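From first to last, the protein sequence lines stand for chains A and B.
Following the numbering used here, the numbering of the first sequence begins with 103 at its first residue and continues without gaps.
Following the numbering used here, the numbering of the second sequence begins with 517 at its first residue and continues without gaps.
Glycine included, every Cβ here is placed at the ideal spot set by N, Cα and C.
The structure presented is a predicted model; accordingly, all values stated were derived computationally and were not measured.
Encoded as structure tokens, the structure appears first; notes follow it.
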Amino acid sequence: MRIELGVALTHLTSRRRQSLVSLTGVVLGVAFFLAVSSLMRGSEKDFIARLIDNSPHITVSDEYRVPDVQPAELRWPGAALALSHVKPQNETRGIRGYRDKLAFVESLPGVRAAPVLLGSAVLTFAGRLQAVTLSGIVPAKMKGVSTIEQKMTAGSLDALAANPNGIIIGSTLAERFNLRLGSTLSVVAPSGASRAMKVVGIFHTGNASYDQEQTFTLLKRAQSLLDRPNRANRFVIQLSDPYAAREMARRIEGTIGYKSVSWVEASEDILSVLLVRNIIMYSVVSAILVVASFGIYNTISTIVLEKTRDIAILKSMGFHARDVRNIFLLEGLIVGLLGSALGVAVGVALMRALAEVTVKPPGVTEVVHLPIWWGGEQYLLASAFALGSCLAAAYLPARKAGRVHPVDILRGAT
Amino acid sequence: MSAVLVAEHLVRRLAGEVPVTLIDDVSLAIEHGEFVCVMGPSGSGKSSLLYLLGLLDAPSAGRVLLDGEDTSRYGEDELANRRLEKLGFVFQFHFLLAEFTVLDNVLLPMRRLGRRDEAAQQARGRELLERLGVGDQAGKRPSQLSGGQRQRVAIARALANDPLVVLADEPTGNLDSAAAANVREILRSLTHEFGKTVVAVTHDGAFAAAADRRIGLVDGRISDGWPPS
Numbered sequence: 103m104r105i106e107l108g109v110a111l112t113h114l115t116s117r118r119r120q121s122l123v124s125l126t127g128v129v130l131g132v133a134f135f136l137a138v139s140s141l142m143r144g145s146e147k148d149f150i151a152r153l154i155d156n157s158p159h160i161t162v163s164d165e166y167r168v169p170d171v172q173p174a175e176l177r178w179p180g181a182a183l184a185l186s187h188v189k190p191q192n193e194t195r196g197i198r199g200y201r202d203k204l205a206f207v208e209s210l211p212g213v214r215a216a217p218v219l220l221g222s223a224v225l226t227f228a229g230r231l232q233a234v235t236l237s238g239i240v241p242a243k244m245k246g247v248s249t250i251e252q253k254m255t256a257g258s259l260d261a262l263a264a265n266p267n268g269i270i271i272g273s274t275l276a277e278r279f280n281l282r283l284g285s286t287l288s289v290v291a292p293s294g295a296s297r298a299m300k301v302v303g304i305f306h307t308g309n310a311s312y313d314q315e316q317t318f319t320l321l322k323r324a325q326s327l328l329d330r331p332n333r334a335n336r337f338v339i340q341l342s343d344p345y346a347a348r349e350m351a352r353r354i355e356g357t358i359g360y361k362s363v364s365w366v367e368a369s370e371d372i373l374s375v376l377l378v379r380n381i382i383m384y385s386v387v388s389a390i391l392v393v394a395s396f397g398i399y400n401t402i403s404t405i406v407l408e409k410t411r412d413i414a415i416l417k418s419m420g421f422h423a424r425d426v427r428n429i430f431l432l433e434g435l436i437v438g439l440l441g442s443a444l445g446v447a448v449g450v451a452l453m454r455a456l457a458e459v460t461v462k463p464p465g466v467t468e469v470v471h472l473p474i475w476w477g478g479e480q481y482l483l484a485s486a487f488a489l490g491s492c493l494a495a496a497y498l499p500a501r502k503a504g505r506v507h508p509v510d511i512l513r514g515a516t
Numbered sequence: 517m518s519a520v521l522v523a524e525h526l527v528r529r530l531a532g533e534v535p536v537t538l539i540d541d542v543s544l545a546i547e548h549g550e551f552v553c554v555m556g557p558s559g560s561g562k563s564s565l566l567y568l569l570g571l572l573d574a575p576s577a578g579r580v581l582l583d584g585e586d587t588s589r590y591g592e593d594e595l596a597n598r599r600l601e602k603l604g605f606v607f608q609f610h611f612l613l614a615e616f617t618v619l620d621n622v623l624l625p626m627r628r629l630g631r632r633d634e635a636a637q638q639a640r641g642r643e644l645l646e647r648l649g650v651g652d653q654a655g656k657r658p659s660q661l662s663g664g665q666r667q668r669v670a671i672a673r674a675l676a677n678d679p680l681v682v683l684a685d686e687p688t689g690n691l692d693s694a695a696a697a698n699v700r701e702i703l704r705s706l707t708h709e710f711g712k713t714v715v716a717v718t719h720d721g722a723f724a725a726a727a728d729r730r731i732g733l734v735d736g737r738i739s740d741g742w743p744p745s
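What follows is the structure, given as structure tokens:
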């Protein structure tokens, strides 16, 4: 292999300009591959991180994924049945025996859970009305599963814990109704029950709709207001390993029976969009490398064409067809290896430059840096693709070189 | 003396709409240490015969025995190995690799064979160049040498792996008379000094006169009537 390497290097160095153009193509291909990949994957990871941080990893609701089977269907499976005059059982909605089920969930490793009773209510203040989502929570538990505490601009969850008639509202609602800490408003339940409550906290998430329509009160207060004593209809769950959510949700649902939706399942549409985006991105950046490989094909084809006589001489000396093939494959490999190494260096420089770029997304007050992903696998992927392209580009001319019949060339030359 | 290279009823035909017979039932035996010239008019099949004897081309019929081995049963790789180990070629045009130095050109067959370490290869390469009078050109590129010098380097390369037979195709055809005489003497000396067998194809009467034996070839057949007296 040493001699083939020597011949390959000699060919490349004797055609410096052509080799340099081919090399530049690979370098730019790898560099742009890395720049685009790091930016796209960075934004994806940033998005998923926000998704994981800001929403429950698993939500257990008071629903069943598969409705209960009617006794008649159990008695006559597969039969055509028509049931009439069946009066559905009228029961208080919620997770039955939620305390036991919550205790089971909390006993699972790496799991933090909080019970929530979610319902609708209307807030009235100074003659103005606002339909809101009322979440009855246990502040101490909620702190462990939600970032709402960090989003508080006034008051705290502890203040809610200390005040049975306290309510936490969003900043948009506070501005709209001109409410501040200590303001008293009226909360009316769908049943007509009404209670005066005091604002003990104001949060700001940046999501205008959430900041206007979401409110928090104590679980017990929500239970009495919504007339659902001892009930919770949601478990909000956070995991130490967010990526284990799908498996953990399956386990929880398998045990307690209620529908458990992981953040992965809940965001499937978004994640599939990200997947499609990644496929498009990798197709585009790979196309750059494919185009670069045409440069290598051109260079090596030209060398094969120019060196046909030398190939004939090498074969007449006793070089095998595979020796000759190896020479030209090595040329592709050398360009690929050098191109990958230099491309990674240029790519990292580009990534560093991109990481310094700041943007101000519309509706956001803060200036943010472009999210760049520095993961190692993209370097491997870019280098492997570049090497593969270079070898594929070298293969056809190498095969042609290996098939040169020395007599045809020698006869033509003499 | 024993035959080192034997051709038995060699035939070489080129297929096509009008098949062409290049070599037609040629049989010959070349002894160890012999200097044989193959002569004939243009298009008589001299080079074709040399390519068959040199295992570069496969006969349509017949066989070539090299050092007692029937080469007709060998595949392409084995034929390449026999060329590497037992044969050396010198062509009308020197066919040195332009990007390599003179010494590297001579080292190529040795490096491919890989039987000597690098130091031994270098020593042998330099020794061959010295013996052929181009030792001082070792570091130069072929383009910096005269035609005669290039042909001497080509002979050194042919001798690199200590072959049994050196096959030369019009080795003086592209040289002036002084250089041609020099190359002729070198090839002749190969049989005496190096103990090689030399088979050369030539038009050159003076070159042929230096050979131990001359074989005439007309229309692909051995002819006793060539060259005409």
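- As the crow flies, the alpha-carbon of Lys361 (chain A) is around 37 Å from that of Leu281 (chain A).
- A distance below 6 Å between beta-carbons, with the five flanking residues on each side excluded, links Phe227 (chain A) to the following residues of its chain, in chain order: Phe279 and Leu287.
- Residue pairing for Phe337 (chain A): DSSP places it in a beta bridge opposite A:Val162 and A:Pro217.
- CA-CA distance, Ala727 (chain B) to Glu533 (chain B), rounds to 39 Å.
- For Leu107 (chain A), the enclosing alpha helix (DSSP H) starts and ends at Arg104 to Ser116.
- Listed by position along chain B, the residues whose Cβ is nearer than 8 Å to that of Arg427 (chain A) form an empty set, because the closest Cβ is around 13 Å away.
- Every alpha helix (DSSP H) stretch that sits fully inside the segment 240-317 of chain A and reaches 4 residues is listed by chain position as 241-247, 259-264, 273-279 and 310-315.
- Chain-ordered listing is empty here: chain A has no CB closer than 9 Å to the CB of Glu585 (chain B), the nearest sitting near 15 Å.
- Going by beta carbons, Val129 (chain A) and Leu444 (chain A) fall inside the 9 Å limit.
- Chain-order list of chain B residues neighbouring His471 (chain A): empty, with the shortest C-beta distance near 50 Å, by a criterion of under 9 Å.
- The DSSP-derived three-state label of Asp412 (chain A) is helix.
- Two segments are said to touch when three or more pairs of C-beta atoms, one from each, lie closer than 8 Å; by this definition the segment 494-514 of chain A touches the segment 415-433 of chain A.
- Closer than 9 Å to the CB of Pro508 (chain A) there is at least one CB belonging to chain B.
- Taking Ala110 (chain A) as the centre and dropping the five residues before and after it, the same chain places the C-beta of Ile429, Leu432, Glu433 and Ile436 closer than 7 Å to its C-beta, in chain order.
- Close to Phe616 (chain B), with beta-carbon spacing below 7 Å, are these residues of chain A in chain order: Thr112.
- The beta-carbon of Asp540 (chain B) is placed no less than 9 Å from the nearest beta-carbon of chain A.
- Judged by DSSP secondary structure, Glu547 (chain B) falls within the beta strand (DSSP E) whose first and last residues are Val536 to Glu547.
- Look at Arg528 (chain B) here: in three-state DSSP terms it is strand.
- In the DSSP assignment, the residues bridged to Glu585 (chain B) are B:Leu582.
- Within 10 angstroms of the beta-carbon of Arg336 (chain A) lie 16 or more other beta-carbons, which makes it buried.
- Shortest Cα-Cα distance from Phe710 (chain B) to any of B:Tyr567, B:Ser693, B:Glu643 and B:Ser659 involves B:Glu643.
- Shown in chain order are the members of the segment 563-574 of chain B whose Cβ falls below 7 Å from a Cβ of chain A: Ser563, Tyr567, Leu572 and Asp573.
- Between the alpha carbons of Thr537 (chain B) and Tyr384 (chain A) lies a distance of about 58 Å.
- A Cβ-Cβ distance of about 12 Å is found for the pair Val669 (chain B) and Pro687 (chain B), leaving them out of contact under the 8 Å criterion.
- In the three-state reduction of the DSSP assignment, Thr357 (chain A) falls in the helix class, which pools H, G and I.
- The shortest CA-to-CA distance from Thr319 (chain A) to any of A:Ala291, A:Gly199, A:Gln120 and A:Pro508 is the one to A:Ala291.
- Between the C-alpha atoms of Leu521 (chain B) and Ala500 (chain A) there is a straight-line separation of about 34 Å.
- Against chain B, the beta carbon of Met453 (chain A) has no neighbour under 8 Å; the closest one sits roughly 39 Å away.
- Shortest Cα-Cα distance from Thr126 (chain A) to any of A:Ser364, A:Val393, A:Ser285 and A:Ala184 involves A:Val393.
- Gln325 (chain A) sits in a helix when the DSSP states are folded into three classes.
- Within the model, the alpha-carbon separation for Leu544 (chain B) versus Leu107 (chain A) is close to 41 Å.
- A direct Cα-to-Cα measurement between Pro266 (chain A) and Phe305 (chain A) gives close to 19 Å.
- Sequence-ordered contacts of the segment 383-400 of chain A with chain B are nonexistent [C-beta pairs closer than 9 Å].
- Residue contact check for Ile415 (chain A) against chain B: a CB pair falls below 9 Å.
- Taking 9 Å as the CB threshold, Arg628 (chain B) lines the interface with chain A.
- Residue burial is scored here from C-beta neighbours: Glu458 (chain A) has fewer than 16 other C-beta atoms within 10 angstroms and is therefore classed as exposed.
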